[in-house]
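Residue numbers (my numbering), protein chains in the order written: chain A, 18 to 492; chain B, 18 to 492.
There are 2 protein chains.
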Amino acid sequence: MPDAHTNSTSSNQFGAGVDLHLELAGSRRRAGLTDALRDAVRQGRLTPGTRLPASRALAADLGVSRSTVTECYSQLIAEGWLTAQQGSGTRVSQRANPRSTTVETQASRVLRRPTHGLLPGAADFAEFPRTQWLAAARRALITAPHSAFGYGDPLGRIELRAALADYLSRVRGVYAEPERIVICSGFHHGLTLVAQALKEQGAQAIAVEAYGLSLYRALLNDVGLRIPPLVVDENGARTCDLGAMRDVSAVLLTPAHQFPTGVALSPQRRASVLDWARTTDGLILEDDYDGEFRYDRKPIGALQGLDPDRVLYFGTASKSLAPALRVAWIVVPKNLLSLIAEAKGRVETVSALEQLTLAEFITSGAFDRHVRSRRQSYRRRRDDLVTALKQTAPTVRVTGMAAGLQAVLELPQGTESWVLQAAANKGLMVSGMGEFRHPMLDRHFTAQDALVVNYSAVSDSAWEGALHALCSVMP
Amino acid sequence: MPDAHTNSTSSNQFGAGVDLHLELAGSRRRAGLTDALRDAVRQGRLTPGTRLPASRALAADLGVSRSTVTECYSQLIAEGWLTAQQGSGTRVSQRANPRSTTVETQASRVLRRPTHGLLPGAADFAEFPRTQWLAAARRALITAPHSAFGYGDPLGRIELRAALADYLSRVRGVYAEPERIVICSGFHHGLTLVAQALKEQGAQAIAVEAYGLSLYRALLNDVGLRIPPLVVDENGARTCDLGAMRDVSAVLLTPAHQFPTGVALSPQRRASVLDWARTTDGLILEDDYDGEFRYDRKPIGALQGLDPDRVLYFGTASKSLAPALRVAWIVVPKNLLSLIAEAKGRVETVSALEQLTLAEFITSGAFDRHVRSRRQSYRRRRDDLVTALKQTAPTVRVTGMAAGLQAVLELPQGTESWVLQAAANKGLMVSGMGEFRHPMLDRHFTAQDALVVNYSAVSDSAWEGALHALCSVMP
């Protein structure tokens with residue numbers, strides 16, 4: 018309202034004329050005045066102790082009713098911005114803190130991105146099926162019962178658990194009744210729940226593969242568990258060594274496609290880990306992070322199918338769809354359900370709307386179609402990589418190629434850090450095998466120097482450049 | 018394929034004829050055979066040790082190529098379902114466990130619902146704005162950058178934090194820069210993070226209101242914190258008693274609308290808690306669970322605005338939209354950000370797509386419109402309740418009515434449990450004040466017997482019946 022703007026009295030009194038002008042429009046006059054005064058105090062234009070004009074005077078200044086001003090004052094007194102003492106009128110509260118004016122700029126939070134990123138965890142997010150996902154979300158929202166909007170089953174929506182039970186038994190050979198499936202927000206969350214549950218049961222140690230993500234080793238340590246390493250060779254983790262380990266109540270494995278070496282757990286090793294679990298009453302935690310992606314033949318079925326009461330199966334939508342969904346699942350033995358549900362009770366569950374959308378996405382067949390098309394595209398990437406390396410670096414051996422999203426490029430011993438540095442200089446971010454090494458691994462165990470290349474990490478348009486940069490730094 | 022179906026040899030050999038018939042179609046012949054054999058083992062129709070026919074014989078039986086059979090066998094050997102010894106041919110593995118056939122029925126998991134539920138936490142979920150939410154989801158999905166589908170900022174999407182910063186300062190008087198806001202999945206999750214962070218800092222005790230949800234008292238206990246009670250009277254929690262408490266580093270309050278009593282924290286009590294925080298370097302945890310819903314005048318602004326460096330502000334979408342979204346937010350002092358981010362690192366973040374949808378829902382104005390319409394409808398409910406009680410139970414005093422989603426019906430001393438029982442007999446679920454009482458509250462402190470009625474808990478169609486049932490059990 019212009020008269021507030023042009024009214025020098027009120028402007029001088031508060032130095033808040035502009036705010037008043039901005040705020041005091043139409044029906045929101047009282048609200049506008051209240052906000053204007055609050056801002057004036059917050060921004061330090063009205064300092065603690067300052068006496069405010071009498072309601073009648075201010076009302077006249079601003080051309081609003083006196084009751085508007087008195088209501089506004091009492092509101093701010095109720096909130097603690099102003100105080101009213103008999104005789105001394107209305108003043109700015111001594112307790113009202115002017116706000117600090119230091120505000121981080123957006124810019125300061127942005128990280129500089131490398132030119133080419135081929136690190137684990139990334140994926141070609143340009144390929145997220147936005148249209149099909151939205152269609153699934155629409156169908157899910159339209160058909161959801163009212164009750165779906167309340168507090169849900171801590172184990173997850175039954176619709177999603179049923180859809181996953183079908184999918185997992187069909188595609189991964191998992192023995193999964195809906196009642197055994199627990200929905201969680203990512204593998205990290207799922208492993209946290211299971212680790213807490215096992216700790217609750219008195220577990221002291223969980224054996225882990227000697228090569229893997231340090232993030233998960235740290236997680237298990239945080240829960241208070243020891244994590245003795247299992248050496249990984251061309252047949253996968255040496256599960257045959259489990260028998261010799263003390264107080265180990267579970268083992269965390271990536272049987273279908275060891276991360277990061279890419280080898281599959283051999284039939285003998287599968288047999289021996291099952292034997293270990295049965296003779297020692299141990300548990301197997303099967304991390305099936307990218308089981309959908311196998312190129313040489315049908316994916317190797319999940320270990321869980323062989324003994325659903327000894328194996329906890331972990332799957333995730335992060336690799337097949339996108340990490341942004343924060344949806345993953347665990348198939349657990351019946352006798353562990355209540356413990357895991359209790360652990361989950363300490364943190365909240367996944368959005369019911371998203372769970373219903375994913376259920377719809379799976380049952381409609383869109384998930385199968387998406388995975389198939391991603392598999393084809395990743396297979397092309399893998400072939401590009403092999404061909405390009407044959408031409409430019411024929412001495413470099415490429416392994417771990419039968420499946421998944423990453424390949425291992427074996428390097429001459431002692432050259433790993435040198436190659437990583439050369440890559441960094443070209444703005445190429447790749448991982449060296451060394452960064453996945455378990456700290457407790459025997460010093461005398463000399464690992465193969467190698468790069469771990471996630472060829473699914475970039476968009477099609479960026480792939481060629483990344484591949485070129487990669488070849489250019491090979492010895 | 019019919020020939021497999023009609024082929025008695027193969028059917029008899031495995032008792033799996035039907036499966037084979039179902040599976041062995043078109044291009045999926047090998048996959049079909051593999052699945053058929055796996056199922057036959059899993060279901061115990063092929064028992065451990067059973068010798069399988071030679072690949073040539075089976076290929077002839079089924080009318081498929083021999084390579085199809087050998088590939089299928091080697092696949093199942095790799096998975097551990099079958100074993101191959103020199104001379105003894107291919108056998109079912111001794112380790113393959115037939116599946117248990119006990120499957121919980123859906124029915125056994127369904128709980129019987131009461132006829133009328135007026136318990137805290139429930140809401141009129143029929144009113145969730147499905148269409149507008151879907152429209153926001155569409156806009157969010159279409160405009161999201163590719164990077165949004167990756168692993169996100171553990172503190173939450175900047176788009177949502179910016180939208181909330183505007184909304185909270187406009188509607189709740191919160192001083193909220195986006196950089197101070199942490200997105201979490203529900204108040205429970207947020208309080209867990211903060212409690213862990215304070216514990217990390219060496220906190221021993223957090224004072225809580227003498228009446229509140231036991232769930233949150235248990236949460237704080239789980240983290241290892243003592244929870245001394247603050248008596249609640251007609252001016253809210255007696256924050257003036259904080260000075261006398263030992264080793265209390267924070268206090269959890271519901272200042273705008275105490276839960277469950279419904280009183281607002283008086284200006285004096287607001288002042289004294291701020292003084293306590295400043296003199297003892299303490300922190301105030303402000304649970305603003307239903308601050309949007311106030312009927313007598315503009316909502317009382319948040320305490321946080323008075324001292325953003327001493328107050329952690331908790332808000333949630335559970336009351337204003339739906340618990341199913343699992344989205345809430347904390348506005349925290351800068352010096353606590355890293356600790357809380359670290360605590361959050363242990364559990365996963367909220368879906369980025371849902372965060373972007375909520376950001377869109379807020380910035381488009383749909384959130385304001387939804388809250389306004391809910392407020393009107395809840396106000397009508399409150400008026401219905403008052404009118405109905407005036408007529409049927411004039412002696413019952415109704416309090417805590419100025420705001421929020423629940424009302425307190427004061428009962429003659431000693432009648433609370435009797436009334437609750439009478440209500441239960443009529444299928445009416447309401448809470449008694451007793452269930453919110455802090456266990457450590459002084460025995461000599463006699464509380465007012467009362468019902469806590471969540472009048473937002475049912476749909477419009479069910480409201481009249483619930484109200485009638487409620488009136489009928491009043492003394």
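From the three backbone atoms N, C-alpha and C, an ideal C-beta is built for every residue, glycine too.
Which residues does DSSP list as the beta-bridge partners of residue i?
| i | result |
| --- | --- |
| Ile347 (chain A) | A:Val199, A:Phe331 |
| Val388 (chain B) | Bridge partners of Val388 (chain B): none, in fact. |
| Leu493 (chain A) | Any answer about residue 493 (chain A) is impossible in this case: the structure gives chain A only from 18 up to 492. |
| Thr100 (chain B) | B:Arg108 |
| Ile223 (chain B) | B:Ala267 |
| Glu427 (chain A) | A:Arg414, A:Ala467 |
| Gly228 (chain B) | One point to set straight first is that residue 228 (chain B) is Tyr, not Gly, in the sequence displayed. Answer by DSSP bridge pairing, in chain order: B:Arg454. |
| Leu247 (chain B) | B:Glu226 |
Helix, strand or coil: which one does DSSP assign to residue i?
| i | result |
| --- | --- |
| Val211 (chain B) | helix |
| Thr67 (chain B) | coil |
| Pro340 (chain A) | helix |
| Leu302 (chain B) | strand |
| Glu40 (chain B) | Its pLDDT being 39, under 50, Glu40 (chain B) is placed unreliably in this model, and the coordinates cannot settle the point. |
| Val86 (chain B) | helix |
| Gly110 (chain B) | A small correction: the amino acid at residue 110 (chain B) is Ser; Gly does not occupy that position in the sequence shown. Coil, per DSSP. |
| Tyr168 (chain A) | coil |
| Arg178 (chain B) | helix |
| Glu194 (chain A) | coil |
| Asp401 (chain A) | helix |
| Arg414 (chain B) | strand |
| Ala77 (chain A) | helix |
| Arg311 (chain B) | strand |
| Val240 (chain A) | helix |
| His520 (chain B) | Residue 520 (chain B) lies beyond the residue range present for chain B, which begins at 18 and ends at 492; the question has no answer from this structure. |
| Leu54 (chain B) | helix |
| Ser476 (chain B) | coil |
| His485 (chain B) | helix |
For residue i and residue j, I'd like the C-alpha separation in whole angstroms.
| i | j | result |
| --- | --- | --- |
| Asp4 (chain B) | Ser84 (chain B) | This structure cannot speak to residue 4 (chain B), because chain B is shown only from 18 to 492. |
| Thr64 (chain A) | Ala288 (chain B) | 17 Å |
| Gly219 (chain A) | Val265 (chain A) | 11 Å |
| Arg327 (chain B) | Leu210 (chain B) | 17 Å |
| Leu230 (chain B) | Met457 (chain A) | 45 Å |
| Gly444 (chain B) | Gly482 (chain B) | 11 Å |
| Gly97 (chain A) | Ile347 (chain B) | 21 Å |
| Trp480 (chain B) | Ser473 (chain B) | 9 Å |
| Lys407 (chain A) | Ala486 (chain A) | 15 Å |
| Val388 (chain B) | Val188 (chain B) | 11 Å |
| Met446 (chain A) | Leu270 (chain A) | 26 Å |
| Arg129 (chain B) | Asn238 (chain B) | Residue confidence for Arg129 (chain B) is low, a pLDDT of 43 falling below 50, so the modelled location carries little weight; the figure read from the coordinates is stated next. Cα to Cα, the separation comes out at about 31 Å. |
| Val436 (chain A) | Leu136 (chain A) | 15 Å |
| Ile317 (chain A) | Ala273 (chain A) | 6 Å |
| Glu121 (chain A) | Ala182 (chain B) | Summary for Glu121 (chain A): the model assigns pLDDT 36, below 50, so the residue's position carries little reliability, and this model does not support an answer. |
| Ile175 (chain B) | Gln372 (chain B) | 9 Å |
| Val109 (chain A) | Gly190 (chain B) | 16 Å |
| Gly104 (chain A) | Ile223 (chain B) | 39 Å |
Looking at the secondary structure, which residues open and close the alpha helix (DSSP H) in which residue i lies?
| i | result |
| --- | --- |
| Ala288 (chain A) | 284-297 |
| Val495 (chain A) | Residue coverage of chain A in this structure runs from 18 to 492, which leaves residue 495 (chain A) outside it and unanswerable. |
| Thr160 (chain B) | 147-160 |
| Leu5 (chain A) | The structure shown does not extend to residue 5 (chain A), since chain A is modelled only from 18 through 492, so no value can be given for it. |
| Glu144 (chain A) | Here Glu144 (chain A) belongs to no alpha helix (DSSP H), and DSSP marks it neither H nor E. |
| Ile379 (chain B) | 369-380 |
| Cys257 (chain A) | Neither: Cys257 (chain A) is in no alpha helix (DSSP H) and is coded neither H nor E. |
### Query
Pairing CB atoms from the region 332-348 of chain B with CB atoms from the region 167-174 of chain A, are three or more of them under 8 Å?
yes
### Message
When you compare the region 269-283 of chain B with the region 409-426 of chain B, are there three or more beta-carbon pairs, one atom per stretch, that lie closer than 8 Å?
### Response
yes
### Task
Determine, using beta-carbon pairs with one atom in the region 423-430 of chain A and one in the region 460-474 of chain A, whether at least three such pairs fall under 8 Å.
yes
### Query
Would the region 351-370 of chain A and the region 192-210 of chain B be scored as touching if the rule is three or more Cβ pairs under 8 Å?
yes
#### Entry: Contact the region 376-384 of chain A vs the region 284-298 of chain A: 3+ CB pairs below 8 Å
no
### Task
Decide yes or no for the touch test of the region 246-258 of chain A against the region 69-78 of chain B: beta carbon pairs closer than 8 Å, at least 3 of them.
no
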